[in-house]
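Asker:
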Amino acid sequence: MAMESAAVLAGELTRTDSTYLEQALDHYVTRRRDRVDEVQQKSRQIGTFALFDHCCVNGDPRPDREVLLAGSDGRVLSRLPVQ
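Going by our numbering, the first residue of the sequence shown is number 194, and it counts up by one from there.
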């Protein structure tokens, strides 16, 4: 994500000079907004799955028993015990 943003920012800055810097930065934000929002939404969904949905699968109402690391498709990649 950071590399994507860096590449887009570099592209915007190479196409402008100091006179239009503010416009270039505004254009950068406009270009990145949808992608950033999408990644944030997916991260929240995975976090919700890992911390809350899993406790219901086990029948244990305490979500602090373990944390699941899940892939973007929701499959469990790793289980981390929490103490």
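Just so it is clear, CB atoms sit at the ideal spot from N, CA and C, and this is done for glycine as well.
#1: Residues in its own chain within less than 7 Å of residue 220 by CB, not counting five upstream and five downstream?
#2: Give me the Cα-Cα distance between residue 198 and residue 240, rounded to the nearest whole angstrom.
#3: Using 9 Å as the threshold, is the C-beta distance between residue 222 and residue 194 below it?
#4: Residue 208 by DSSP, collapsed to three states: which one?
#5: Whole angstroms is fine: what's the gap from residue 249's alpha carbon to residue 214's?
Answerer: Let's see:
#1: The residue you call residue 220 lines up with position 27 of the sequence shown. The answer, listed in chain order, is 205.
#2: Residue numbering aside, residue 198 sits at position 5 when the sequence shown is read from its first letter. Residue numbering aside, residue 240 sits at position 47 when the sequence shown is read from its first letter. Here the alpha carbons of residue 240 and residue 198 stand approximately 23 Å from one another.
#3: As a working note, residue 222 is residue 29 in the sequence shown. As a working note, residue 194 is residue 1 in the sequence shown. No, the pair does not count as a contact, with Cβ atoms beyond the cut-off.
#4: If you number the sequence shown from 1, residue 208 lands on position 15. Residue 208 falls in the coil class under three-state DSSP.
#5: Counted from its first residue, the sequence shown places residue 249 at position 56. Counted from its first residue, the sequence shown places residue 214 at position 21. The predicted position of residue 249 is uncertain, since its pLDDT is 49 and thus under 50; no value can be drawn from it.
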